[in-house]
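Residue numbers (my numbering): 903 to 1097. Data first, discussion second: the structure below is written as structure tokens.
Now the structure itself:
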């Protein structure tokens, strides 16, 4: 599985891609922290495991599914639709025909950021059985894993190990060549539009 640093980088990538959608929040800081939180959200499944004495008891199951991604996207869309506001307050004036459906775009974006977590986990080496993620739960109990692991798996039993340092280095080497060009290409809001 990926490290929290890898998932944070994936969330930051989701934040950078937001300006390509027809939704424009006034606050970039709120959006960035929201993207990072959503990208790390699936790994909160460790918390109930700690209560039963096994941190991995529920890991890679319900929170690592397509249903969970759809649920998070739906909750974000519902929240944005009910509030009629962006993360920072009011919407900026939109001239596109999409402005009536900004709540839906928020949901799609949140679901995509959440799915980024699942994709990153699928591309990691999984050192513990059962291997992979239960992507189709509750419809299937099957675990899915990529046949090619591009990044070594994170070892939770030795957090501050040389192996985990190489995992973080690998995540940076794979994600930064994507993050830098996206950051250079995607237009940034003008300073007068930021808080």
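Backbone N, C-alpha and C fix where the C-beta goes; we use that ideal spot for every residue, glycine too.
- Between the alpha carbons of residue 934 and residue 917 lies a gap of roughly 5 Å.
- Its chain contains 905, 1056, 1057, 1060 as the residues whose beta carbon lies nearer than 8 Å to that of residue 1066, once the 5 sequence neighbours on both sides are disregarded; these appear in chain order.
- Between the segment 950–957 and the segment 968–978 there are fewer than three inter-stretch CB-CB distances shorter than 8 Å, so the stretches are not counted as touching.
- In this structure, DSSP gives residue 1053 an extended state, which the three-state scheme calls strand.
- Sorting 931, 1011, 956, 1026 by C-alpha distance to the C-alpha of residue 1077 places 1026 at the top.
- Secondary structure of residue 1038 (DSSP, three-state): coil.
- Inclusion of residue 1020 and residue 1035 in the CB contact set at 9 Å is warranted, their separation being smaller than that value.
- Secondary structure note for residue 1019: its alpha helix (DSSP H) is the uninterrupted segment 1004–1024.
- When the beta-carbon positions are compared, residue 1005 and residue 970 stay at least 9 Å from each other.
- Contact check for residue 913 against residue 959 fails: the beta carbons are separated by 9 Å or more.
- DSSP, read as helix, strand or coil, puts residue 1046 in strand.
- The Cβ atoms of residue 1024 and residue 1048 sit closer than 9 Å to each other.
- Judged by beta-carbon spacing, residue 1080 lies beyond the 9 Å limit of residue 1069, meaning their Cβ atoms are not closer than that value.
- Within the segment 923–988, the complete alpha helix (DSSP H) segments of 4 residues or longer fall at 930–942, 948–953, 968–985, listed in chain order.
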